[in-house]
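Student: Okay, handing you the structure first.
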Amino acid sequence: MLSAAVHISGAGPVPGIMNLSQPLTPISRAYLAKSLSNSKPVLHDAMKSNSCLNKKPIVKLRREINISLVIAFGFCLISIVLTAQAVVLVPPVSTRSNIANGGWSSLGAMPAPAWDGKTLMFHNEQGTLAVTPLSDDVIRVRFTRAQAFGRDHSYAVVDRDLGGANVVVGIGSDSTVLRTATLKVTIQHDPLRISFANNPGEVLDADDPDRGISFVGNQFRDAKLLRDDEHVYGFGEKNGSLDKRGWQLGGYNLVMWNSDTYMHNSSTDPMYVAVPFLLVMRHGQAHGLFLDNTWRSSFDVGREEPNLLTFGAVNGELNYYFINGPEPKKVIERYTTLTGRMPLPPLWSLGYNQCRFSYFPEARVRKIADTFRKDKIPADVIWLDIDYQDGFNPFTWDKDRFPDPKKMISDLRAEGFHTVCIVDAHPKQQVGYAPYDEGMAGKFFVKKSDGSVYEGKVWPANAAKNPGPSVFPDFSKPAARLWWGWLYKDLLNLGVAGIWNDMNEPSVFDSVRGTMPPDLVFDNEGQPSTHLELHNVYGQLMSRATFEGLSQFRPNERPFVLTRASYAGGQRYAAVWTGDNTSDWSSMRQSIPTLLGMGLSGFPFVGADIGGYAGMPSPELYSRWLQVGVFSPFMRSHSENGRPDKEPWAFGKKFEVINRHIIELRYELLPYIYNAMQQASQTGVPALRPLFLEFPDDEKLAGTDDEFMFGDDLLVAPVLHEGMTEREIYLPKGDWFDYSTGKQFTGGQKIKLPVTLDSIPMFVRAGGFIFRQPVVQSTDQMPGNPLKILMAPAGKSESSLYEDDGETLDYRHGEFMKRRFHQTGDDQETTIKISAADGSYRPVKRNLVLETWMDHQPKSVTLLTGYEMAGKILLPHLMGDALAKSKSGWSFADGRITVKINDGFKPMQFVIER
Ligand code: MIG
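Heads up, the sequence shown is in this note's numbering, so the first residue is 27 and it goes up one at a time.
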C-alpha cells in the first residue's frame with residue numbers, strides 16, 4: 027500500500043512527497059491515457075485541445091482583478107494519479123496557464139530585499155528567493171515556497187567558488203539592480219520578475235512579465251521570454267534537431283526523466299540521461315541556464331507558446347544558474363567549472379572498441395581478438411556483455427563459458443587488447459550470494475516505504491537456471507557507494523581494464539513504467555527522500571561508485587567507466603553512450619546532433635553504437651556509420667543479441683577493406699584526438715563540436731547538424747545518405763584544405779564534392795595543425811612511432827600538442843609534454859616554430875615529420891636549433907623513397923612537402939623558402 031506521506035523512523039515526513047489527493051480532471055485523464063504511450067507529440071496535442079489554454083484572456087483577467095497577492099492564472103496542472111492498484115504515475119509537467127484545472131499562482135510582490143554582501147534575500151508569504159552572484163558572469167537564483175531554504179546540496183555542482191564578483195547593489199522601492207563587471211541583473215519587486223542584461227544593457231534573459239516564477243502544490247515553473255532570433259541547445263542526451271527551436275521555430279518540449287528507451291528514434295523523449303542545462307545563442311552571443319533539480323523536470327522551448335521558454339519540476343527547489351558568455355565556449359567552460367569536467371581518459375579507451383551482446387564463450391572472444399590482428403584491423407578494446415556472468419549476476423563469471431578469465435584477459439592484453447566488463451545495477455536477491463548478503467547486512471539496498479527491501483525483476487529473473495528477482499543498491503548512500511566500489515576488486519584482480527554500467531536509469535522489467543515505483547525510499551546522503559527525487563541521479567551515482575572504486579584499487583591509473591544513465595556533472599565519472607539505437611540511416615544521422623548536444627552539456631566523452639544496436643545494418647550503412655564513429659570521442663561497434671555478426675570484417679571482403687581504412691584513419695588521428703580530449707578535460711569544451719561553437723557569428727550554422735568540427739582545426743562532413751555520390755558541404759568563412767588532396771576552398775559558401783564508399787569529406791582550417799601518426803594496430807604500438815604534423819598554410823597560426831604516458835595520473839605531477847606550434851607564411855617563406863616543451867615527460871626516441879601543402883617545389887628547407895636558434899642546418903632534398911630511408915631531409919610530391927628530422931623535444935624552427 028502506498029500512503030501520501032512516507033515516514034522514516036524519527037525523520038518526519040519525507041520532504042517532497044507528491045500531493046496524491048489531486049482530483050482526476052478530464053484533461054489529466056485524457057493526458058494520462060495518452061502519456062502512457064510516452065510520446066512528445068501527444069503531449070502537444072493534449073495541451074492544444076484544451077480551450078482554457080489560451081493565454082490572452084488569462085492575462086486580461088489578471089489585469090482586471092488588479093493583481094492580488096495570489097494571482098490565480100495558473101498553469102495546466104496534470105494531476106498526480108493514484109490508481110486503485112496503488113500505482114502512482116509520475117505527473118507530466120504542465121507549462122500552460124489554466125485557472126480551471128491548475129490553481130497555479132505566480133510570484134507577486136516581494137518587499138525590498140536584504141543584502142548581506144553575498145546574497146539578495148527576498149521574502150514574502152509565497153516563499154523565499156535568493157539571488158547570489160558567484161562571479162561576474164554566473165548568478166545563482168534559488169526559490170523555495172518555504173520560509174527558509176532547506177539543505178543546500180547538489181549531486182551536480184562541485185564548485186560554487188567561482189572567484190566571487192565585484193558587485194554593486196542598488197535597492198530601490200520598485201526594483202533592485204545588481205551589477206557585476208559584465209552583467210546587470212534587474213529584479214522588479216511587484217510582481218517579482220528577474221532579468222539579466224549585459225553591460226551595454228542588452229537584455230539576455232528575462233522572466234515573462236505575466237508569469238515569471240509560478241507554482242502549485244510542490245511544482246514550480248519559471249517562464250522566460252524567447253525571441254525568434256534565439257537558438258537553444260544542450261539538454262544533455264536529446265534526440266531531435268541540434269537547435270531545439272526546432273523546424274520553423276516549432277519548438278520542443280523536453281522531459282528529464284531517465285528512461286530505458288530501446289530502439290529510440292528522433293522523437294523519443296526522454297532518454298537515458300538528464301542534464302537540465304541549456305545554452306542560448308543570439309547573434310553570436312551566448313548564455314546558459316542550469317536548473318539543478320533532480321526531480322522530473324521539463325523544458326518547453328517555444329513549443330507550447332512560441333515566445334516562451336519555460337522550465338520547471340514536479341518538486342524540489344527552483345535552483346538555477348544563469349551563466350553569461352558571451353562566447354559559447356565560455357558558457358561551457360563556466361558550466362563545467364560548476365559541475366566538473368571529464369577526467370583525462372586512458373589513451374586505449376580512445377582506440378577502436380569492439381562489443382556485442384554477447385561474446386561468449388572464451389574461444390569466441392579469442393577468435394574475435396585474433397581476427398583483428400590477423401586481418402590487420404586496428405583495435406584496442408574487447409567488451410564482455412551480460413552473458414559472461416553466472417545467471418546474469420553482477421560480479422560473477424559463468425565458469426563453463428569462461429573457465430579461466432584471468433588467463434584469457436592476460437593473453438588478450440599481450441595481443442594489445444584491453445577487456446571491459448559490464449556490471450549492472452541489479453544484484454540478485456539470493457542468500458549466499460555475497461553482493462546480496464553484504465548489501466543486506468549494510469542496509470545498502472533501496473527500500474520500500476514500509477522499510478523492507480524493494481525487489482524487482484531485471485536480468486537475473488531471465489536466467490536459465492535458478493532465476494529470481496533483484497535488489498538495487500542505494501547509490502545515494504555514501505556507504506553503499508563505497509561498498510559497491512569495493513565489489514570491483516575481483517574483476518580488477520583478474521585484469522579487467524574498465525567497467526560498463528548499464529540498466530541504471532534504473533530499468534526494471536516488471537513495472538508499469540519500466541522503472542522502480544515512485545515511493546521507494548533513498549538515503550539521499552543523509553536526508554531521506556523518494557525514488558522521484560533520486561531517479562534522475564541513480565545512474566550518475568552508480569558510475570560515481572564505480573569510478574571511485576576503480577580509483578581506490580588502482581590509485582595511479584585513469585579509471586575507465588561507461589554508463590548509460592547519468593545526470594548533470596556525471597562527466598566527472600564516466601563516458602556515456604546513447605543506449606539502444608536502431609540500425610537505420612536516420613538513427614545514424616540522429617547520432618550526430620545527439621552527441622553534439624551532449625558535448626555542449628558538459629559530457630565530451632560520448633558515442634553511439636556504431637552500426638546501430640537494434641537491427642542489422644546494410645554493409646554500406648555499417649561503413650558510413652564507422653566513418654562517423656572515427657569522430658565520436660568514444661568509438662565502439664555494438665549489436666543486440668540474436669543478430670548476425672557486425673564486426674568490421676563481417677560484411678564481405680570489399681567492405682572489410684573499406685572498414686579497415688576507416689579504423690586506420692582513427693589511429694592515424696589519435697595524437698590529434700587525444701590532444702582534443704585533453705583540452706576538453708581542461709576546459710570542458712568538447713572535441714566534437716557543432717559548427718556554431720567554432721563560428722558563433724555565422725548565423726547560417728545555427729542549426730547545422732550534418733557537419734561538425736573535431737578539435738580546433740578539422741571540419742568533417744560525413745556521408746549520411748544511402749547511395750550518395752556527391753556531398754554538399756557548407757564551409758564556414760575562411761580558407762579550407764581538403765584533408766586528403768590539399769585542394770584549397772574558400773569558405774562562406776556551399777561546395778559539392780564527389781564521394782565514393784570510402785570518402786569521408788574532411789577539411790583542415792587554414793593554419794590548422796593536425797597531429798598524426800602512422801597506422802598502428804593498437805595504442806600499445808604508439809611509442810617510437812614518428813609524430814606527423816600536417817599543417818595547412820596560413821599567414822599566421824598556432825596550436826599546441828599535449829602528450830603523456832596515456833594511462834597513469836603522473837601527468838598531474840607534471841609528467842606530460844606540451845609544446846606550442848606556431849607558423850607564419852608569406853610569398854617568400856614559411857616559418858614553423860616549435861616551442862620548448864612544458865612538463866617533464868618525454869616520449870621515447872622518434873622522428874618528427876612535418877607536412878604541408880605548397881603549389882610548387884620549395885627552394886630550400888632550413889632547420890634552426892640550439893641557443894637562440896643559432897644552429898642552422900640546410901636539410902637535404904631527397905627524391906623518391908630516399909626520404910623514408912634517410913634520417914632527415916625533405917621531399918616534395920603532389921603539392922605536398924614532407925620534412926623529416928629526429929624529434930629531439932627541443933625548441934626548433936623550420937624555414938621553408940619558396
Ligand atoms: O536489457 O546487456 O543498452 O547495450 O547490450 C538490455 C545487454 C540490457 C542494454 C544495453 C545494451 C546491452 C544490453 N542491455
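C-beta: ideal position from N, C-alpha, C; glycine also. Everything numeric in this text was worked out from a predicted model, so none of it was measured.
Tell me whether F383 counts as near the ligand MIG, meaning its Cβ is closer than 8 Å to at least one heavy atom of that ligand.
Tutor: Correct: F383 has its Cβ closer than 8 Å to the ligand MIG.
Student: Measure the C-alpha to C-alpha separation of R669 and M642 and round it to an integer number of angstroms.
Tutor: So the alpha carbons of these two residues sit roughly 7 Å apart.
Student: Where do the ends of the beta strand (DSSP E) carrying K844 lie?
Tutor: M843 to G851 is the extent of the beta strand (DSSP E) around K844.
Student: What is the residue span of the alpha helix (DSSP H) that I408 lies within?
Tutor: Segment V407 to L410 is the beta strand (DSSP E) holding I408; no alpha helix (DSSP H) there.
Student: Take F736 and list the residues in its own chain whose beta-carbon comes closer than 7 Å to its own, dropping the five residues that flank it on each side.
Tutor: Contacts found: F657, A702, A713, L714 and V742.
Student: From the DSSP output, which residues share a beta bridge with F303?
Tutor: DSSP output for F303 lists F316 as bridge partner(s).
Student: Can you give me the Cβ contacts of D411 inside the same chain, cut-off strictly under 6 Å, excluding the 5 residues immediately before and after it?
Tutor: Once the five neighbours on either side are set aside, the close Cβ partners of D411 are F383, S384 and I448.
Student: List the DSSP bridge partners of Q311.
Tutor: According to DSSP, Q311 bridges with R308.
Student: Between which two residues does the beta strand (DSSP E) containing K822 stretch?
Tutor: Unbroken beta strand (DSSP E) run through K822: K822 to E829.
Student: Ends of the beta strand (DSSP E) at H257?
Tutor: It spans E256 to G260 - the beta strand (DSSP E) in which H257 sits, taken as one unbroken run.
Student: Indicate the three-state DSSP secondary structure (helix, strand or coil) for T154 in the structure shown.
Tutor: T154 falls in the strand class under three-state DSSP.
Student: Give the range of the alpha helix (DSSP H) segment to which S292 is assigned.
Tutor: Premise fails: S292 is in no alpha helix (DSSP H) and is neither H nor E.
Student: Closest to V587 by CA distance: which of T924, N279 and V446 is it?
Tutor: When only C-alpha atoms are compared, the closest one is V446.
Student: Secondary structure at I786, three-state DSSP: helix, strand or coil?
Tutor: I786: coil per DSSP, three-state reduction.
Student: Please go through the same chain and pick out, in chain order, the residues whose beta-carbon is closer than 8 Å to the beta-carbon of I394, but skip the five residues on each side of it.
Tutor: Within the same chain, I394 has close Cβ partners Q380, Y385, I408 and E673.
Student: Any chance the CB of E666 is under 8 Å from a heavy atom of the ligand MIG?
Tutor: Checking the Cβ of E666 against the ligand MIG gives yes.
Student: Ends of the beta strand (DSSP E) at V183?
Tutor: No beta strand (DSSP E) holds V183; DSSP gives it neither H nor E.
Student: Might you give, ordered along the chain, the residues of its own chain that have their beta carbon closer than 6 Å to the beta carbon of I220, omitting 5 neighbours on each side?
Tutor: Around I220: I213 and D233.
Student: Look at the Cβ atom of W374, then the Cβ atom of D406, and state whether they are nearer than 9 Å.
Tutor: Their beta carbons are under 9 Å apart, which means W374 touches D406 by this criterion.
Student: With a cut-off of 8 Å, do at least 3 Cβ pairs link the region 584-604 to the region 623-631?
Tutor: The region 584-604, when compared against the region 623-631, does touch it at the 8 Å Cβ threshold.
Student: What separation, rounded to the nearest whole angstrom, lies between the Cα atoms of F222 and Q553?
Tutor: Cα to Cα, F222 sits roughly 34 Å from Q553.
Student: How about D450 and N530: do their beta carbons lie closer than 9 Å?
Tutor: Against a cut-off of 9 Å, the Cβ pair of N530 and D450 comes out as a contact.
Student: What are the residues that DSSP puts in a beta bridge with D233?
Tutor: DSSP, once it has assigned bridges, lists K250 as partnering D233.
Student: Enumerate in chain order the residues of its own chain whose CB-to-CB distance from R580 is below 8 Å, with the five nearest sequence positions on each side excluded.
Tutor: Only L518 meet the Cβ criterion.
Student: Please identify the residue among H561, F428 and G377 whose C-alpha is closest to the C-alpha of M282.
Tutor: Closest by alpha carbon: H561.
Student: Entirely within the region 440-525 and at least 4 residues each: give me those alpha helix (DSSP H) ranges in chain order.
Tutor: With a minimum length of 4 residues, the continuous alpha helix (DSSP H) runs that stay inside the region 440-525 are 460-468, 504-512 and 515-519.
Student: Examine the ligand MIG and report whether any of its heavy atoms sits within less than 8 Å of the Cβ of M529.
Tutor: True, at least one ligand heavy atom lies under 8 Å from that Cβ.
Student: Around the C-beta of N928, are 16 or more other C-beta atoms found within 10 angstroms, so that it is buried, or is it exposed?
Tutor: Counting Cβ neighbours within 10 Å, N928 comes out exposed, since fewer than 16 surround it.
Student: Quick one: using the 10 Å Cβ neighbour count with 16 as the cut-off for buried, is Y648 buried or exposed?
Tutor: Buried, by the Cβ-count rule.
Student: Mapping DSSP to helix, strand and coil, what is G655?
Tutor: Three-state DSSP puts G655 in a helix.
Student: Under a Cβ-count criterion, where at least 16 other Cβ atoms within 10 Å of its own Cβ denotes burial, should Q799 be classed as buried or exposed?
Tutor: Result: buried.
Student: Please classify Q274: does DSSP put it in a helix, a strand, or coil?
Tutor: Three-state DSSP puts Q274 in a helix.
Student: Tell me which same chain residues have a C-beta within less than 6 Å of the C-beta of F771, skipping the five on either side of it?
Tutor: Here the set comprises L757, W762 and I777.
Student: For G36, count the other beta carbons within 10 Å of its own beta carbon; 16 or more makes it buried, fewer makes it exposed. Which is it?
Tutor: Low confidence applies here, because G36 scores a pLDDT of 33, under 50, leaving its location unreliable and the question unanswered by this model.
Student: What distance in whole Å lies between the Cβ atoms of Q566 and G596, which are believed to be in contact at a cut-off of 8 Å?
Tutor: 4 Å between Cβ atoms; contact.
Student: What's the gap between the Cα of P933 and the Cα of K515?
Tutor: Taking the straight line from one Cα to the other gives about 45 Å.
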